[in-house]
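Residue numbers (this note's numbering): 4 to 377.
Heads up, the thing below is written out as structure tokens.
Below you can see the structure in the form of structure tokens.
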């Protein structure tokens, strides 16, 4: 059965877990692509990189769903939204973009003129900040829509059709029949339906699925659809035709049906996890006469606190992790081709994860900086 909840009224452990997982997944994604274009298509290394790439394509959509669950479930004024949230993201972009450009100059990777352009454009992974600012600006409008359950469902349905299904079908058609793909694409273009397109769909999905409990057969169906989506994503490079040195990304983009199914399934499964619910919903007063175990509750408290801390440091870890990966390669010569990529990707990923979180933790303890750049 599907049960609606009024709102997210307390800190949700499942969101902390998802945020930490998504941060690590993004690191794996960037490591998988580090030398992907440097190896020949069809080789062992290429297949390993492709596998890891396909495994973590859900990372950014889940990040956006987390933001939607948090921002659309609370009251926030337009003034506060711009003064605090938008300003913080803008300042973070300026700081980190400058730092990345400066480090490139100091290490000799870029000339001064090139660094100036790099500062204005920002390093590639900071595109996420531009996108999230756009979503923040839409929050007041989106809250009016999702305030009504019927309107929220209608929005979800429209986004499913116009953001995912129709473009997906068109892309698949184009692979095997350019004429049919062109016709379908022209029809979609003529409709000119843009309101539910882009990451706003995931943003609303995060809110929508944070408010419902899905159990029983529906949960099983969600799980099976997620597995199916993951399998399609994993085997995309095998199924689709090879073009030049890399295969089509039609099944690996964030707006594809298969990636959406994996992202939504992960979100729903974590949201409806009894184990995570026990961590955040257990009683605060322990009564040994009722058979409660105070040691177990203390352990669960510690787990919840660790998850909360890591979740808090995730944004800073995301911002700094590319610099960590690049400098490990530049200074130590450590990259995904240093040894067997089946091991190098997760091992370097874990090293990057730890270092990035340590740096983020340090920055979180520096006044002023902790308010704006992490």
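Virtual Cβ for every residue (Gly too), placed ideally from N, Cα, C.
The structure displayed is predicted, hence computed values, not measured ones.
Can you name, in chain order, every residue of its own chain whose Cβ lies under 6 Å from the Cβ of residue i, other than the five neighbours on each side?
i	result
residue 51	344, 345
residue 229	264, 265, 268
residue 138	206
residue 332	338
residue 38	339, 340
residue 391	The requested residue 391 is not part of the displayed model; the chain covers only 4 to 377.
residue 257	63, 64
Of all the options the options, which has the alpha carbon lying nearest to the alpha carbon of residue i?
i	options	result
residue 321	151, 362, 370, 215	362
residue 123	269, 135, 105, 140	105
residue 132	67, 216, 164	67
residue 118	101, 43, 79	101
residue 107	349, 369, 325	325
residue 231	58, 15, 153	58
residue 33	223, 329, 369, 275	329
residue 276	213, 261, 239	213
residue 18	128, 40, 73, 38	73
residue 128	175, 311, 254, 62	62
residue 144	84, 120, 130	84
residue 371	307, 225, 98, 15	98
residue 323	171, 126, 223	126
residue 222	274, 164, 175	274
residue 164	130, 200, 176, 177	200
residue 111	334, 365, 364	334
residue 130	70, 311, 115, 96	96
residue 352	364, 327, 336, 365	327
Closest Cβ-Cβ distance between residue i and chain D: below 7 Å?
i	result
residue 123	Although the question refers to chain D, the structure presented lacks it and comprises just one protein chain.
Near residue i, which residues of its chain fall below 7 Å by C-beta distance, leaving aside the five closest residues on each side in sequence?
i	result
residue 65	21, 25, 266, 269, 270
residue 360	313, 316, 320
residue 146	75
residue 364	316
residue 88	139
Using the three-state DSSP reduction, which class does residue i fall into: helix, strand or coil?
i	result
residue 38	coil
residue 82	helix
residue 290	Low confidence applies here, because residue 290 scores a pLDDT of 46, under 50, leaving its location unreliable; read the following figure in that light. Residue state, collapsed to three classes: coil.
residue 217	strand
residue 154	helix
residue 342	coil
residue 43	coil
residue 59	coil
residue 333	helix
residue 113	coil
residue 23	helix
residue 259	coil
residue 373	helix
residue 77	coil
residue 15	coil
residue 107	helix
residue 126	coil
residue 202	coil
residue 167	helix
Do residue i and residue j have their C-beta atoms within less than 7 Å of each other?
i	j	result
residue 375	residue 94	yes
residue 3	residue 173	The shown model of the chain, from 4 to 377, leaves out residue 3, and the question about it has no answer.
residue 134	residue 202	yes
residue 162	residue 204	yes
residue 150	residue 211	no
residue 168	residue 158	no
residue 92	residue 136	yes
residue 254	residue 261	yes
residue 259	residue 171	yes
residue 16	residue 239	no
Between residue i and the rest of its own chain, which residues show a CB-CB distance below 8 Å, the 5 nearest in sequence each way excluded?
i	result
residue 348	31, 34, 35, 51, 52, 55, 339
residue 367	315, 316, 319, 373, 377
residue 1	Nothing in the structure corresponds to residue 1, since the chain is present only between 4 and 377.
residue 121	100, 103, 104, 107, 113
residue 369	none
residue 115	108
residue 41	340
Got a sec: does the ligand MN put a non-hydrogen atom nearer than 6 Å to the Cβ of residue i?
i	result
residue 78	This structure lacks the ligand MN; in fact it carries no ligand of any kind.
**OP:** For the segment 354-374 and the segment 22-33, state whether three or more C-beta atom pairs, one from each stretch, are separated by less than 8 Å.
**Re:** Contact check between the segment 354-374 and the segment 22-33: three or more CB pairs, one atom from each, fall below 8 Å, which counts as touching.
Original post:
Is the segment 70-80 touching the segment 216-233, taking contact as three or more C-beta pairs under 8 Å?
Top reply: no
Original post:
Per the contact definition of three or more C-beta pairs closer than 8 Å, is the segment 302-310 in contact with the segment 32-45?
Top reply: no
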